[in-house]
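Taken in order, these protein sequences are the chains called A and B.
The numbering of the first sequence is our numbering, which starts it at 47 and goes up by one.
The numbering of the second sequence is our numbering, which starts it at 317 and goes up by one.
Beneath this line is the structure, given in structure tokens, with notes to follow.
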Amino acid sequence: MNHDQVNPSRPPIGAVGGRPSFRLHAVSFGFGRGETAVQFPVLKNISITIAAGEVLGILGPNGSGKSTLLKVLMRIVTPQRGTVELFGQPHGSFSQVEIARRVAFVPQETQQAFPFTINEMVLMGRYPHHNRTWGLGWEGDQDRAVAMQAMRELDVAHLGTRLITDVSSGERQRAVIARALAQDPDVLLLDEPTAFLDLHHQLDIARILRRFNRERGLTVILVSHDLNLASQSCDRLLLLQEGEIVTAGTPEEVMSKESLEPVYGCQVLIDQHPQSGLPRVTLPV
Amino acid sequence: MASLTPSRKTIEVTTPTASTSAFFSPAPRAEGSLAPTDQPAQGVVTLSPTKWMAASGGLGALSLVAFVVCLGFGTETIPFSQVARILAQGPLSAREAQEAPEYVILWQVRVPRVLLAFMVGGSLAAVGASLQALLRNPLADPYVIGISSGAALGAAVAVLFGVGLSVFSISVLPVCAFLGALVALLIVYRIAVSYGSFSIHTLLLGGVVLNAIFSALILFLTSLADPYKASGMYAWLMGSLTGPDFQTVFILAVYLLFGVCVLIRQAPALNLLTLGEESARSLGVEVERVKRVLFAASALVTGAVVAFSGLIGFVGLIVPHAVRLVFGADHRLLLTASGIAGGTFLMVADTAARTLLSPAEIPVGVVTALVGGPIFLYLLVQQRKRIVP
């Protein structure tokens, strides 16, 4: 299903607001090889344009292909069909390092069996900027400064010398987001960024992402189960069901009974957030 | 929709810049944002080239001392002052060779053997550390997960089909062992990834079974060989550093130095691989290429080591573990420090092996297994507490 064609009256998704960061055309992807991959696609015929500088939330029930879509954008997996463009050039024309200088990825969960310090973890974000022809990729003052500021932003600077294996999962998650910011990307992809975080740090992350978006034009693409977080912090929402785009649009357009209830298969109540006036979802008792 | 603001950074697509940070340095900041950039590097204390040099140099000095001490021990104990004097005379002093038996013992027997022990131990430790990162498993070791027995099978096949002990065969044997090690490594890797995420126990069980299969095949091959050859093969299988000459040591050094340097070159990528392949890829690592390089280099080093010294276990496990406790997890230092420390460890272990029951000799593989096995079991229990949910 080509979403651009379903709503011919609307301009192509994401065409508003500047040049596109990503443009996907008829992308289908399945895990496995050959026939299996084609028979059981996780993503079906996804076409969407994501503007540079927008905050896009990807929503959908379990197994709807949200995380897989992020992996396609990061080129962790390559779709069997369709084309992906990054800033107007084919995805395949970039080397892995060139992509990593523009796009950073925060996975759902990071497991680490080895005793790296938080400092070392965050500095790993500087890897794509290292000189790889000679030496062992030693970090310079610039790298350390960037990492330090990213750690301050994410409130993990005081944990610098602690081991990643010893801190709580929320602290680890914040360190991973700091690492992604240290990567100095144009686009930040986040898979359930707030899953392990307490309320205070959830709010922090949402604000930080918003601020980086406003000040530096960072494009933010996040997958979330938290409909309200997505509604409050995203310019645009994308609702997926079984690998297909059901709706895409502003929070007001997507967060409606008509689009949410059939996708999630349950009743929802929609009202307005008392402060922002944006739609808010609650479950009936 | 986000609107364009003057402070938006321009996105350069065609000309990537490697070093600058458009993000943090010059960009304007909002009121009250967490600020400041005046104190750049403070707080982010990690490994630097200076620390790397200091740690490697310090370890190197220690291992040099250990080298001299180990040369003194043996069936015939030679005082250190004499060891130092004979070393200073150099290996080619013909007059000394005829006069002093110590000179012959030292230059023709002990120096090549202790050098061999250093190279073998260092290489095993470096390979162990790399495999641990590659398989994301702190308990990986070329011996435990079956790579060494794969190499031994390769070497045993070569020996059985008539490769003797000429210079030619000394060069060919490591190649056969390399192929055996590579096959074993690919099988183990396949087992490790088949459960999606890397499970410690899957890998270890896979290794145990692989070891059993390869051992059975080696025993079968040995039973086909004539008794004289067979007893030689048994001694070799137990892990032994007996009787090398300088030529052997030199040929082995070429293989090992090349392989270990390749591994060290991949250290930054190894750091990222510990995060998992997806994260590594998102940070710019060409995961498939790096993996191929690591597979080849690890198999080459393991193959060469096994071809010359048989099955010496657990060095690749306990040495990186100890080094991590002291120097941290950064593979740039971990690999070099493990190399030096592993070499030192095996020099000492081998000295113990040839001194304790002197004039008889314990196979050095027995010594390392007796030291390393219990440590492995202890770590296994510890890991269970720590990682498995």
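Every residue, glycine too, gets a C-beta built ideally from N, C-alpha and C.
Whole angstroms is fine: what's the gap from residue i's alpha carbon to residue j's?
i: Ser74(A); j: Gly128(A); result: 6 Å
i: Asp232(A); j: Ala449(B); result: 30 Å
i: Arg597(B); j: Asn91(A); result: 25 Å
i: Leu116(A); j: Arg605(B); result: 23 Å
i: Gly103(A); j: Ala623(B); result: 57 Å
i: Phe68(A); j: Ile267(A); result: 11 Å
i: Leu200(A); j: Arg220(A); result: 6 Å
i: Pro675(B); j: Ala382(B); result: 22 Å
i: Val621(B); j: Ser439(B); result: 8 Å
i: Phe434(B); j: Ala474(B); result: 26 Å
i: Ile691(B); j: Glu81(A); result: 48 Å
i: Pro417(B); j: Leu616(B); result: 38 Å
i: Leu403(B); j: Pro395(B); result: 12 Å
i: Gln355(B); j: Met120(A); result: Any reading at Gln355(B) must be qualified, since the residue scores a pLDDT of 42, below 50, and its modelled position is unreliable; no value is offered.
i: Ile145(A); j: Gly600(B); result: 7 Å
i: Gly295(A); j: Thr95(A); result: 12 Å
i: Gln188(A); j: Arg257(A); result: 22 Å
i: Ala442(B); j: Ala276(A); result: 47 Å
i: Asp244(A); j: Phe86(A); result: 37 Å
Can you tell me which of the options puts its alpha carbon nearest to the alpha carbon of residue i?
i: Leu557(B); options: Leu476(B), Thr684(B), Thr366(B); result: Thr684(B)
i: Pro239(A); options: Asp212(A), Leu273(A), Arg262(A); result: Leu273(A)
i: Gln698(B); options: Pro560(B), Leu672(B), His637(B), Leu651(B); result: His637(B)
i: Leu132(A); options: Arg172(A), Gly263(A), Arg148(A); result: Arg148(A)
i: Arg429(B); options: Val578(B), Met663(B), Ile628(B), Lys545(B); result: Met663(B)
i: Ser547(B); options: Leu489(B), Leu476(B), Val603(B); result: Leu476(B)
i: Gln278(A); options: Gln321(A), Thr95(A), Leu119(A), Val123(A); result: Gln321(A)
i: Gly534(B); options: Leu616(B), Leu553(B), Ala623(B); result: Sequence check: residue 534(B) is Ile here, not Gly. Residue Leu553(B) is the option with its Cα nearest to Ile534(B).
i: Val118(A); options: Pro136(A), Asn108(A), Leu275(A); result: Pro136(A)
i: Leu568(B); options: Ala382(B), Ser487(B), Phe661(B), Val425(B); result: Ser487(B)
i: Pro407(B); options: Glu392(B), Phe562(B), Leu573(B); result: Phe562(B)
i: Leu627(B); options: Phe566(B), Leu521(B), Val680(B), Ala668(B); result: Val680(B)
i: Asn587(B); options: Thr163(A), Ala146(A), Val327(A); result: Thr163(A)
i: Leu649(B); options: Gly388(B), Val427(B), Asp542(B), Ala445(B); result: Ala445(B)
i: Ile362(B); options: Glu144(A), Trp184(A), Ser139(A), Arg65(A); result: For the sequence presented, residue 362(B) should be read as Thr rather than Ile. For Thr362(B), the nearest C-alpha among the options comes from Trp184(A).
i: Leu169(A); options: Ile254(A), Gly206(A), Val213(A); result: Gly206(A)
i: Ala400(B); options: Val385(B), Leu431(B), Asp457(B), Leu616(B); result: Val385(B)
i: His247(A); options: His271(A), Val292(A), Arg218(A); result: Arg218(A)
i: Pro584(B); options: Tyr544(B), Leu572(B), Val603(B); result: Val603(B)
i: Leu182(A); options: Thr393(B), Leu540(B), Gln582(B); result: Gln582(B)
i: Leu227(A); options: Pro107(A), Thr124(A), Ala191(A); result: Ala191(A)
Going by beta carbon distance, what residues of the same chain come within less than 7 Å of residue i, once the five residues before and after it are set aside?
i: Ala72(A); result: Asn48, Asn91, Ser93, Arg127, Gly128
i: Ser372(B); result: Thr652, Ala653, Ile656
i: Cys492(B); result: Gly470, Ala471, Val473, Ala474
i: Arg640(B); result: Leu650
i: Gln313(A); result: Glu307, Pro330
i: Ser349(B); result: Residue confidence for Ser349(B) is low, a pLDDT of 38 falling below 50, so the modelled location carries little weight; the figure read from the coordinates is stated next. Result list for Ser349(B): empty, nothing under 7 Å.
Just to make sure I have the definition right: I need the residues of chain E whose C-beta is within less than 8 Å of the C-beta of residue i. Which are they?
i: Thr207(A); result: Given the protein chain composition of this structure (A and B), no chain E is represented.
Mind checking which residues open and close the beta strand (DSSP E) that includes residue i?
i: Ala150(A); result: 149-152
i: Phe624(B); result: Here Phe624(B) belongs to no beta strand (DSSP E); instead the alpha helix (DSSP H) covers 603-625.
i: Gly103(A); result: 101-105
i: Asn95(A); result: Sequence inspection shows Thr at residue 95(A); the Asn mentioned does not correspond to that position. Taken as a continuous stretch (DSSP letters only), the beta strand (DSSP E) holding Thr95(A) covers 89-97.
i: Gly655(B); result: Run containing Gly655(B): none in the beta strand (DSSP E); it sits in the alpha helix (DSSP H), 647-671.
i: Asp237(A); result: 233-237
i: Glu418(B); result: Note, Glu418(B): premise wrong, no beta strand (DSSP E); alpha helix (DSSP H) at 417-420.
i: Gly138(A); result: Taken as a continuous stretch (DSSP letters only), Gly138(A) belongs to no beta strand (DSSP E), as it is neither H nor E.
i: Ser113(A); result: Counting along the chain, Ser113(A) falls outside any beta strand (DSSP E), though it belongs to the alpha helix (DSSP H) covering 112-119.
i: Ala72(A); result: 66-75
So the alpha helix (DSSP H) residue i belongs to, where does it begin and stop?
i: Val475(B); result: 463-476
i: Arg198(A); result: 187-199
i: Thr293(A); result: Thr293(A) -> not in any alpha helix (DSSP H); beta strand (DSSP E) instead, spanning 290-295.
i: Glu304(A); result: 303-310
i: Ser439(B); result: 427-450
Below 8 Å CB to CB, which residues in the same chain sit around residue i once its five sequence neighbours on both sides are set aside?
i: Ser302(A); result: Ile316, Pro325
Excluding the 5 residues preceding and the 5 following residue i in the sequence, name in chain order all residues of the same chain whose CB lies nearer than 6 Å to its CB.
i: Pro101(A); result: This sequence places Val at residue 101(A); Pro is not what is there. Only Asn259, Val266, Cys280, Asp281 meet the Cβ criterion.
i: Gly263(A); result: Gly99
i: Asp666(B); result: Ala433, Leu557, Val680
i: Thr328(A); result: Leu315
i: Val300(A); result: Leu283, Leu285, Thr293
Taking one C-beta from the stretch 455-474 of chain B and one from the stretch 492-503 of chain B each time, how about it: are there three or more such pairs within less than 8 Å? yes
Is there contact here, the stretch 164-177 of chain A with the stretch 607-615 of chain B, by at least three beta-carbon pairs under 8 Å? no
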